[in-house]
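What follows is a short report on a single structure.
There are 2 protein chains.
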Amino acid sequence: MTTRTVTLLDVARAAGLSKSTVSDALQGSGRVAEATRERVREIADGLGYRPNSAARRLRRASTGAIGLHLPHTATRLDYYMNLAFGAVERAQEEGLDVVLLGTPTAAHGPLATRVDGLLVIDPEAGDTAVPGLLDAGVPVVTGERYPGPVLCGAVVCDNAASLTALLDHVRGNGARRPGLLAPEGDSAWAQALRSTATSWAAKHRIPVVVRSVPFVATPGEAAEATRLLLAEDPAIDAVICGPDGAAPGVLGAAIAAGRAVGRDFLVASCVDGVATRTSHPPITAIDLRPADYGRACAALLCDILAERTPADAIRHHDWALETRASTLPG
Amino acid sequence: MTTRTVTLLDVARAAGLSKSTVSDALQGSGRVAEATRERVREIADGLGYRPNSAARRLRRASTGAIGLHLPHTATRLDYYMNLAFGAVERAQEEGLDVVLLGTPTAAHGPLATRVDGLLVIDPEAGDTAVPGLLDAGVPVVTGERYPGPVLCGAVVCDNAASLTALLDHVRGNGARRPGLLAPEGDSAWAQALRSTATSWAAKHRIPVVVRSVPFVATPGEAAEATRLLLAEDPAIDAVICGPDGAAPGVLGAAIAAGRAVGRDFLVASCVDGVATRTSHPPITAIDLRPADYGRACAALLCDILAERTPADAIRHHDWALETRASTLPG
Numbered sequence: 001m002t003t004r005t006v007t008l009l010d011v012a013r014a015a016g017l018s019k020s021t022v023s024d025a026l027q028g029s030g031r032v033a034e035a036t037r038e039r040v041r042e043i044a045d046g047l048g049y050r051p052n053s054a055a056r057r058l059r060r061a062s063t064g065a066i067g068l069h070l071p072h073t074a075t076r077l078d079y080y081m082n083l084a085f086g087a088v089e090r091a092q093e094e095g096l097d098v099v100l101l102g103t104p105t106a107a108h109g110p111l112a113t114r115v116d117g118l119l120v121i122d123p124e125a126g127d128t129a130v131p132g133l134l135d136a137g138v139p140v141v142t143g144e145r146y147p148g149p150v151l152c153g154a155v156v157c158d159n160a161a162s163l164t165a166l167l168d169h170v171r172g173n174g175a176r177r178p179g180l181l182a183p184e185g186d187s188a189w190a191q192a193l194r195s196t197a198t199s200w201a202a203k204h205r206i207p208v209v210v211r212s213v214p215f216v217a218t219p220g221e222a223a224e225a226t227r228l229l230l231a232e233d234p235a236i237d238a239v240i241c242g243p244d245g246a247a248p249g250v251l252g253a254a255i256a257a258g259r260a261v262g263r264d265f266l267v268a269s270c271v272d273g274v275a276t277r278t279s280h281p282p283i284t285a286i287d288l289r290p291a292d293y294g295r296a297c298a299a300l301l302c303d304i305l306a307e308r309t310p311a312d313a314i315r316h317h318d319w320a321l322e323t324r325a326s327t328l329p330g
Numbered sequence: 331m332t333t334r335t336v337t338l339l340d341v342a343r344a345a346g347l348s349k350s351t352v353s354d355a356l357q358g359s360g361r362v363a364e365a366t367r368e369r370v371r372e373i374a375d376g377l378g379y380r381p382n383s384a385a386r387r388l389r390r391a392s393t394g395a396i397g398l399h400l401p402h403t404a405t406r407l408d409y410y411m412n413l414a415f416g417a418v419e420r421a422q423e424e425g426l427d428v429v430l431l432g433t434p435t436a437a438h439g440p441l442a443t444r445v446d447g448l449l450v451i452d453p454e455a456g457d458t459a460v461p462g463l464l465d466a467g468v469p470v471v472t473g474e475r476y477p478g479p480v481l482c483g484a485v486v487c488d489n490a491a492s493l494t495a496l497l498d499h500v501r502g503n504g505a506r507r508p509g510l511l512a513p514e515g516d517s518a519w520a521q522a523l524r525s526t527a528t529s530w531a532a533k534h535r536i537p538v539v540v541r542s543v544p545f546v547a548t549p550g551e552a553a554e555a556t557r558l559l560l561a562e563d564p565a566i567d568a569v570i571c572g573p574d575g576a577a578p579g580v581l582g583a584a585i586a587a588g589r590a591v592g593r594d595f596l597v598a599s600c601v602d603g604v605a606t607r608t609s610h611p612p613i614t615a616i617d618l619r620p621a622d623y624g625r626a627c628a629a630l631l632c633d634i635l636a637e638r639t640p641a642d643a644i645r646h647h648d649w650a651l652e653t654r655a656s657t658l659p660g
């Protein structure tokens with residue numbers, strides 16, 4: 001007995017729709033009304049249509065790899081390396097290699113012939129490589145959302161919840177006048193930090209004094225901002241530093257101002273890393289669990305490639321609060 | 331007019347040798363006596379033999395990628411990320427992708443069908459993945475030498491010269507009794523640090539007090555080693571820390587012992603990174619220039635793949651001394 005494979009065309013004929021509409025509907029591309037999408041899925045299920053597994057196998061055989069784009073400008077390289085290793089580990093479980101993408105060059109052929117899909121981590125509005133990646137003709141998953149209209153999957157972190165946890169933590173350890181060094185700019189992250197500080201202050205009737213520092217602030221810039229903050233407002237008894245890697249500057253400025261860090265002055269960071277773990281004292285920080293984040297991004301892309309989930313699915317990634325001596329009164 | 335391409339077989343016939351011997355001779359594989367190698371090269375040049383460019387193009391077309399293996403256990407992730415970006419940049423100039431390799435799994439096909447060549451960075455004797463990589467059937471370049479007999483290219487750093495520069499620097503800034511926290515184990519790097527300390531001490535008639543710390547020491551372990559060292563030998567007026575990322579621990583212990591770091595007590599690190607740049611004060615260190623190191627490794631592999639250089643070529647990579655406040659008496 002021969003079983004004929006049900007094709008996309010069979011589903012399209014049964015539904016009275018074009019092949020591309022049926023494809024969009026089954027891939028959850030968002031261009032198709034939800035009612036149509038449901039009807040197409042029912043017809044496909046009724047016919048026993050297996051979503052495109054032959055084409056998927058073919059596509060995998062042709063490249064067997066996914067691409068990984070990381071921001072080059074950032075200072076958080078140990079974060080991105082951990083993330084990359086996580087993505088490699090997860091992709092390997094599906095037999096896929098991870099190609100580390102550099103800046104686009106003419107030397108290369110089109111991306112779609114080289115990879116089955118793309119991971120684009122922390123896509124910044126200013127990164128000129130990103131639009132081309134999002135338009136390369138293969139499924140894309142971004143780590144954090146891309147600030148523009150685009151059809152892709154995303155794995156996102158709840159930055160409002162993690163800053164709330166830090167503010168609750170310093171309050172629980174005695175802080176009554178916390179300051180926040182917030183990154184400049186209108187990135188989703190910077191906006192989340194500022195609006196969270198405002199809403200937390202209103203809820204607890206505790207003012208949060210916000211000062212701006214560069215998006216990629218150096219420890220020196222954080223130190224100078226802290227020095228000015230303490231000179232203007234000596235009642236400040238805690239400083240939370242937004243930008244990654246800059247919190248040791250807060251520590252240095254507080255010590256230089258004669259504050260007893262961890263006892264009458266608390267220091268914390270919105271991003272954990274080498275700098276916060278190796279400082280003296282070590283600094284309380286939000287661990288964004290980069291290896292697991294990389295795994296989650298790769299897992300979503302694999303699910304999209306295997307058509308186990310819609311191409312525009314959004315998933316959430318958990319963080320953890322790492323409390324250390326900089327906020328723990330002995 | 332048609333020009334017939336001179337093949338490896340033509341060279342073998344003219345030389346009266348087997349094709350594999352001629353291939354070994356032209357690739358500089360080391361299995362062929364130097365005299366034979368020279369004779370084969372002369373014959374090949376005389377016939378106008380172009381080393382295997384057709385086969386090379388074919389091989390490139392089949393994968394278009396090189397693999398990159400990094401140690402996962404190490405803490406120096408920002409170092410390796412910089413190195414990886416450098417390698418990607420250089421490989422791109424030849425139209426090659428860089429595949430980030432994870433742990434070997436059964437899910438994957440043989441490496442030789444997926445990549446044209448391999449970069450194996452800091453191959454450690456204990457890394458179980460390394461022997462398989464070195465035997466994958468494609469050209470290999472290691473970053474630092476592999477501690478075992480193997481035919482591959484390597485890019486190496488002069489660790490004796492960089493420690494000598496650090497010792498000369500602290501001596502030039504007043505240190506008369508330096509200590510060295512040397513990594514345990516018999517890696518090429520650990521051995522170079524210990525033997526250099528001994529020879530420098532003999533040359534300058536200045537004792538260098540060497541203490542062992544773990545190969546991947548934490549700042550806490552470096553702090554404890556420093557505390558013990560200062561308790562045993564209060565005349566110590568400088569400490570150079572071997573393991574990457576641990577030097578802030580030396581700094582913390584020195585400050586806790588009441589030493590004025592940068593003035594009457596100098597601190598330096600054999601490896602630069604986030605931890606040394608962001609500490610207070612920032613710590614003098616050897617910058618191993620990881621991005622350029624990655625470029626150099628990829629460049630050597632590209633040269634070997636293009637048969638522009640022998641498969642066992644060794645190249646040297648330069649470091650730079652970054653002097654900072656921890657060793658500069660104001």
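Line by line, the protein sequences are chains A and B. Mapping of the first sequence onto my numbering: position 256 corresponds to residue 256, and the numbering continues sequentially without gaps. If you want my numbering, it's the 1-based position in the second sequence plus 330. No residue lacks a Cβ here, since even glycine has one placed at the ideal position from N, Cα and C.
Once you ignore the five residues that flank residue i on each side, which residues in its own chain have a CB closer than 6 Å to its CB?
{"i": "residue 531 of chain B", "result": "537, 538"}
{"i": "residue 94 of chain A", "result": "302"}
{"i": "residue 644 of chain B", "result": "484"}
{"i": "residue 289 of chain A", "result": "none"}
Report the three-state DSSP secondary structure of residue i (helix, strand or coil).
{"i": "residue 217 of chain A", "result": "coil"}
{"i": "residue 42 of chain A", "result": "helix"}
{"i": "residue 315 of chain A", "result": "strand"}
{"i": "residue 454 of chain B", "result": "coil"}
{"i": "residue 484 of chain B", "result": "strand"}
{"i": "residue 114 of chain A", "result": "coil"}
{"i": "residue 284 of chain A", "result": "strand"}
{"i": "residue 326 of chain A", "result": "helix"}
{"i": "residue 337 of chain B", "result": "coil"}
{"i": "residue 502 of chain B", "result": "helix"}
{"i": "residue 472 of chain B", "result": "strand"}
{"i": "residue 271 of chain A", "result": "coil"}
With residue i as the anchor, note down where its beta strand (DSSP E) starts and where it stops.
{"i": "residue 302 of chain A", "result": "It is not in any beta strand (DSSP E) - residue 302 of chain A instead sits in the alpha helix (DSSP H) that spans 290 to 305."}
{"i": "residue 639 of chain B", "result": "Counting along the chain, residue 639 of chain B falls outside any beta strand (DSSP E), and DSSP gives it neither H nor E."}
{"i": "residue 399 of chain B", "result": "395 to 399"}
{"i": "residue 181 of chain A", "result": "178 to 183"}
{"i": "residue 347 of chain B", "result": "Counting along the chain, residue 347 of chain B falls outside any beta strand (DSSP E), and DSSP gives it neither H nor E."}
{"i": "residue 100 of chain A", "result": "97 to 100"}
Looking at the secondary structure, which residues open and close the alpha helix (DSSP H) in which residue i lies?
{"i": "residue 130 of chain A", "result": "130 to 134"}
{"i": "residue 252 of chain A", "result": "247 to 256"}
{"i": "residue 195 of chain A", "result": "188 to 204"}
Throw me the rounded Cβ distance for the residue i and residue j pair, which I believe falls under 8 Å.
{"i": "residue 299 of chain A", "j": "residue 90 of chain A", "result": "5 Å"}
{"i": "residue 190 of chain A", "j": "residue 182 of chain A", "result": "6 Å"}
{"i": "residue 144 of chain A", "j": "residue 71 of chain A", "result": "Going by Cβ atoms, the distance from residue 144 of chain A to residue 71 of chain A rounds to 11 Å, so no, they are not a contact pair."}
{"i": "residue 87 of chain A", "j": "residue 297 of chain A", "result": "6 Å"}
{"i": "residue 634 of chain B", "j": "residue 469 of chain B", "result": "5 Å"}
Could you tell me which of the options sits nearest to residue i, measuring between CA atoms?
{"i": "residue 487 of chain B", "options": "B:616, B:558, B:574", "result": "B:616"}
{"i": "residue 239 of chain A", "options": "A:280, A:198, A:166", "result": "A:166"}
{"i": "residue 557 of chain B", "options": "B:575, B:587, B:545, B:339", "result": "B:587"}
{"i": "residue 127 of chain A", "options": "A:243, A:265, A:225, A:187", "result": "A:187"}
{"i": "residue 293 of chain A", "options": "A:269, A:171, A:319", "result": "A:319"}
{"i": "residue 603 of chain B", "options": "B:576, B:627, B:370", "result": "B:576"}
{"i": "residue 654 of chain B", "options": "B:645, B:637, B:607, B:638", "result": "B:607"}
{"i": "residue 204 of chain A", "options": "A:211, A:172, A:275", "result": "A:172"}
{"i": "residue 268 of chain A", "options": "A:251, A:259, A:291, A:197", "result": "A:251"}
{"i": "residue 499 of chain B", "options": "B:349, B:338, B:658", "result": "B:658"}
{"i": "residue 101 of chain A", "options": "B:446, B:432, B:440, B:415", "result": "B:415"}
{"i": "residue 422 of chain B", "options": "B:634, B:477, B:637, B:625", "result": "B:625"}
{"i": "residue 579 of chain B", "options": "B:355, B:593, B:467, B:610", "result": "B:610"}
{"i": "residue 345 of chain B", "options": "B:364, B:371, B:468", "result": "B:371"}
{"i": "residue 45 of chain A", "options": "A:65, A:115, A:282, A:11", "result": "A:11"}
For residue i, I'd like the list of residues in its chain whose CB is within less than 8 Å of its CB, leaving aside the five on either flank, ordered along the chain.
{"i": "residue 522 of chain B", "result": "489, 490, 493"}
{"i": "residue 233 of chain A", "result": "177, 179, 209"}
With a threshold of 7 Å on Cβ separation, who are the neighbours of residue i within its own chain once the five nearest residues in sequence on each side are excluded?
{"i": "residue 383 of chain B", "result": "Confidence at residue 383 of chain B is low in this model, with a pLDDT of 44, below 50, so the placement of that residue is unreliable and no value is reported for it."}
{"i": "residue 185 of chain A", "result": "215"}
{"i": "residue 48 of chain A", "result": "6"}
{"i": "residue 57 of chain A", "result": "Per-residue confidence for residue 57 of chain A stands at a pLDDT of 43, beneath the threshold of 50, marking its modelled position as unreliable; the derived number appears in the next sentence. Cβ neighbours of residue 57 of chain A beyond the five flanking positions: none."}
{"i": "residue 142 of chain A", "result": "120, 123, 152, 154"}
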